[in-house]
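Those letters in the sequence shown? Residues -29 to -1, 1 to 182, by mature numbering (1 follows the signal peptide of the UniProt record, and there is no 0).
Heads up, the beta-carbon is just placed ideally off N, CA and C, and yes, glycines get one too.
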Amino acid sequence: MTALIRPHRPASLSAAVFAAAFVVLTCLAGCSTPPDRIVLLPDPEGKVGAVIVHSAKAEQTIDTAYAGVDVTKNGAMEKTMDSRSGVQARYGELLAARPPRPMTFTLFFLFDSATELAPESPATVERLKAVLANWPAPQIVVIGHTDLAGSQEFNDRLSLRRAKSAAAFLIKQGIPAGKIETAGRGKREPLVPTADGVPNRMNRRVVITIQ
């Protein structure tokens, strides 16, 4: 959930459902004592979360796309309802100023390798390159993983080597090294749970998150 807030009243928010919510707080023009307006927007996939709005006098839950609450100076609340076109007309500039939503890419590796990608990964690399070419000032987290074959110590080293290999690729794409954080999780967080010692191609991976 992301919030753009211009507060001038003691109203607060808490998330009843975390994902898929975007909240705009703003004042209504032309009012001598303008209320705060909270409007709940769907995410790009159309999903909607829920937000509980608190004030000194009342509490309201909004969980419908484009529903909202006006909170007055004394804490009173009034429910509102808008539309996609209405929100775009009123808050288009604010919405356009939002940073891009984080994106995650997963690269899979061959067994026991920190540099050789699995056959399905080059296509992911091309999508990653296209996103990076148009992403303003990216901050990137690169996490390496292994399958459950081998010792914990070996896999810790291998997962970090995979993460650093992916980071080196990102640096070649023009991302400053200081904007990239790397870590290795070894075999602690398998994508596909298996018994210890069992190799699995889906677990040999690097997860790259751009934000």
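**Message:** Quick check: the region 51 to 67 against the region 89 to 100, are at least 3 beta-carbon pairs closer than 8 Å?
**Reply:** no
**Asked** Of the residues Ala108, Ala29, Pro71, Arg98, which one's Cα is nearest the Cα of Ala47?
**Response** Here residue 47 refers to the residue found at position 76 when the sequence shown is read from its first residue. The candidate whose alpha carbon is nearest that of Ala47 is Ala29.
**Request:** Keeping to the same chain, check which residues put their C-beta closer than 7 Å to that of Thr117; ignore five residues upstream and five downstream.
**Result:** Within the sequence shown, numbered from 1, the residue matching residue 117 stands at position 146. Same-chain partners within the cutoff: Asn126, Leu129, Ser130, Gly157, Lys158, Asn174, Arg175.
**Request:** Please list, in chain order, all residues of the same chain as Pro13 whose beta carbon is under 6 Å from its beta carbon, the five residues on each side excluded.
**Result:** For the purposes of this step, residue 13 is taken as the residue at position 42 of the sequence shown. For Pro13, same chain residues with a beta-carbon under 6 Å away, outside a window of 5 residues either side, are Val19, Ala36 in chain order.
**Request:** Please list, in chain order, all residues of the same chain as Lys150 whose beta carbon is under 7 Å from its beta carbon, the five residues on each side excluded.
**Result:** Taking the first residue of the sequence shown as 1, we reach residue 150 at position 179. Hits under 7 Å: Pro109, Gln110, Ile111.
**Asked** Where does Arg175 fall in DSSP's three states?
**Response** Numbered from 1 along the sequence shown, position 204 holds the residue referred to as residue 175. The answer is coil: DSSP assigns Arg175 none of H, G, I, E or B.
**For Ile114, the first and last residue of its enclosing beta strand (DSSP E)** = Locating residue 114 in the sequence shown gives position 143, where the first residue counts as 1. Start and end: 111 to 115.
**Asked** Can you name the start and end residues of the beta strand (DSSP E) that Gly39 belongs to?
**Response** For the purposes of this step, residue 39 is taken as the residue at position 68 of the sequence shown. First-last of the beta strand (DSSP E) with Gly39: 38 to 42.
**Message:** Looking only at its chain, what residues have a beta carbon closer than 6 Å to the beta carbon of Ser136, apart from the 5 residues adjacent to it on each side?
**Reply:** Taking the first residue of the sequence shown as 1, we reach residue 136 at position 165. Once the five neighbours on either side are set aside, the close Cβ partners of Ser136 are Ala85, Thr86.
**Request:** Classify Arg8 as buried or exposed, calling it buried when 16 or more other Cβ atoms lie within 10 Å of its own Cβ.
**Result:** Position 37 of the sequence shown, counted from the first residue, corresponds to residue 8. Arg8 is buried by the Cβ-count criterion.
**Prompt:** Do you know how far the Cα of Thr77 is from the Cα of Lys143?
**Reply:** Counting from 1 along the sequence shown, the entry for residue 143 is found at position 172. Counting from 1 along the sequence shown, the entry for residue 77 is found at position 106. So the two alpha carbons sit approximately 18 Å from each other.
**Asked** Contact check, Ala154 vs Ala134 under 8 Å by CB: the rounded distance?
**Response** By 1-based counting over the sequence shown, the position of residue 154 is 183. By 1-based counting over the sequence shown, the position of residue 134 is 163. Rounded, the Cβ-Cβ distance is 6 Å, consistent with contact.
**Request:** Would you identify the three-state DSSP class for Lys50, choosing helix, strand or coil?
**Result:** Residue mapping note: residue 50 aligns to position 79 of the sequence shown, counting from 1. Residue state, collapsed to three classes: strand.
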